[in-house]
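Letter 137 of the sequence shown, counting from 1, is numbered 144 in the numbering used here, and no numbers are missing. Beta carbons: idealized from backbone N, C-alpha and C, even for Gly.
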Amino acid sequence: MITGCGNSPCLSARRCDAVAASRPLILFGAGDIAELAQFYFTRDAGRQVAGFCVDGAYLGKDSFLGLPVVAFEEVAARFAPAEHDMFIALAYARMNDLRAEKLAAAEAAGYGLTSYISSRATVLNDGRIGVNAFVQEDVTIQPFVSIGRNVTLWAGATISHHSTIGDNVFVAPNAVVSGGVVVGDNCFLGVNSTVRNHITVGPRCVIGAGAVLLHDAEPGGVYRASAATRLAQDADSLTGL
Numbered sequence: 008m009i010t011g012c013g014n015s016p017c018l019s020a021r022r023c024d025a026v027a028a029s030r031p032l033i034l035f036g037a038g039d040i041a042e043l044a045q046f047y048f049t050r051d052a053g054r055q056v057a058g059f060c061v062d063g064a065y066l067g068k069d070s071f072l073g074l075p076v077v078a079f080e081e082v083a084a085r086f087a088p089a090e091h092d093m094f095i096a097l098a099y100a101r102m103n104d105l106r107a108e109k110l111a112a113a114e115a116a117g118y119g120l121t122s123y124i125s126s127r128a129t130v131l132n133d134g135r136i137g138v139n140a141f142v143q144e145d146v147t148i149q150p151f152v153s154i155g156r157n158v159t160l161w162a163g164a165t166i167s168h169h170s171t172i173g174d175n176v177f178v179a180p181n182a183v184v185s186g187g188v189v190v191g192d193n194c195f196l197g198v199n200s201t202v203r204n205h206i207t208v209g210p211r212c213v214i215g216a217g218a219v220l221l222h223d224a225e226p227g228g229v230y231r232a233s234a235a236t237r238l239a240q241d242a243d244s245l246t247g248l
């Protein structure tokens with residue numbers, strides 16, 4: 008189990024191993040991603056989650072998973088930054104801009120940002136992973152990889168050797184980034200997408216589910232695979248099934 012940014016010094020301003028065992032954690036968010044983060048932090052990382060926060064305009068409930076939910080505008084009064092860390096438990100809304108904005112707001116409020124790196128992930132890059140990483144089970148990060156701030160690597164994703172992942176990137180389940188790739192800031196790589204070796208994915212690109220990217224991707228580009236089509240026959244007419 009690894010919390011913070013790994014067993015070695017990383018891009019975080021704070022050595023995570025000095026605080027991970029003792030500082031309670033506040034999760035920004037109160038939806039599916041926050042529920043997953045609470046599960047992983049408590050079940051795998053041994054962290055105490057003290058509560059959740061959301062923007063005051065979206066404060067529709069005062070508890071979630073049996074823990075308090077407070078407005079972000081009031082969170083510092085309830086959970087002092089000097090005594091708590093924060094994790095931004097959001098997905099990829101607005102090309103990851105929302106997650107980036109809340110990360111900046113949490114830092115401006117004085118919170119230390121932590122990361123979750125699954126005990127079932129294979130991480131071989133000497134901890135070169137930025138703050139607010141969400142690295143799930145069966146992720147593989149090979150040697151000589153650099154991963155920026157605020158990056159989500161969903162279950163089964165592979166980041167191959169000598170690749171660089173920018174800030175605010177979301178990599179969906181079982182996506183593969185081959186060796187020597189540069190992925191720019193604020194990209195989204197969909198489920199089972201593949202990026203071939205030694206190419207560059209420009210900032211704010213979307214590589215859709217199942218897409219195979221063989222050449223450089225221009226900034227802001229959207230790349231998708233061909234969708235599955237239904238055949239004329241019904242399933243019951245197939246032989247051998």
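Residues that residue i bridges to, as DSSP identifies them
| i | result |
| --- | --- |
| S70 | P75 |
| L160 | V142, V178 |
| L220 | V202 |
| L34 | F59, F94 |
| V190 | I172, V208 |
| T165 | T147, V183 |
Distance, residue j Cα to residue i Cα
| i | j | result |
| --- | --- | --- |
| L221 | S233 | 15 angstroms |
| A216 | Y118 | 35 angstroms |
| P210 | I124 | 24 angstroms |
| S122 | A52 | 10 angstroms |
| T207 | G187 | 9 angstroms |
| A107 | R156 | 9 angstroms |
| I136 | V219 | 25 angstroms |
| D133 | T171 | 14 angstroms |
| V213 | L120 | 26 angstroms |
| N204 | A87 | 45 angstroms |
| G163 | E144 | 7 angstroms |
| R237 | T159 | 33 angstroms |
| A96 | A41 | 5 angstroms |
| C60 | R30 | 17 angstroms |
Whole-angstrom C-beta distance between residue j and residue i, which should lie under 8 angstroms
| i | j | result |
| --- | --- | --- |
| A128 | V142 | 5 angstroms |
| G63 | L74 | Contact flag wrong, Cβ pair sits at about 18 angstroms. |
| Q55 | L32 | 6 angstroms |
Quiz prompt | Whole beta strand (DSSP E) elements within the stretch 84 to 141, 3-residue minimum | solution = For the beta strand (DSSP E) assignment, the uninterrupted runs of no fewer than 3 residues enclosed by the stretch 84 to 141 are, from N- to C-terminal side, 92 to 95.
Quiz item: Counting Cβ pairs closer than 8 angstroms, one from the stretch 194 to 207 and one from the stretch 173 to 182, do we hit at least three?
Solution: With a cut-off of 8 angstroms, the stretch 173 to 182 and the stretch 194 to 207 count as touching, because enough Cβ pairs lie within range.
Quiz item: Counting Cβ pairs closer than 8 angstroms, one from the stretch 40 to 48 and one from the stretch 78 to 88, do we hit at least three?
Solution: No, because fewer than three Cβ pairs between the stretch 40 to 48 and the stretch 78 to 88 fall closer than 8 angstroms, the two stretches do not touch.
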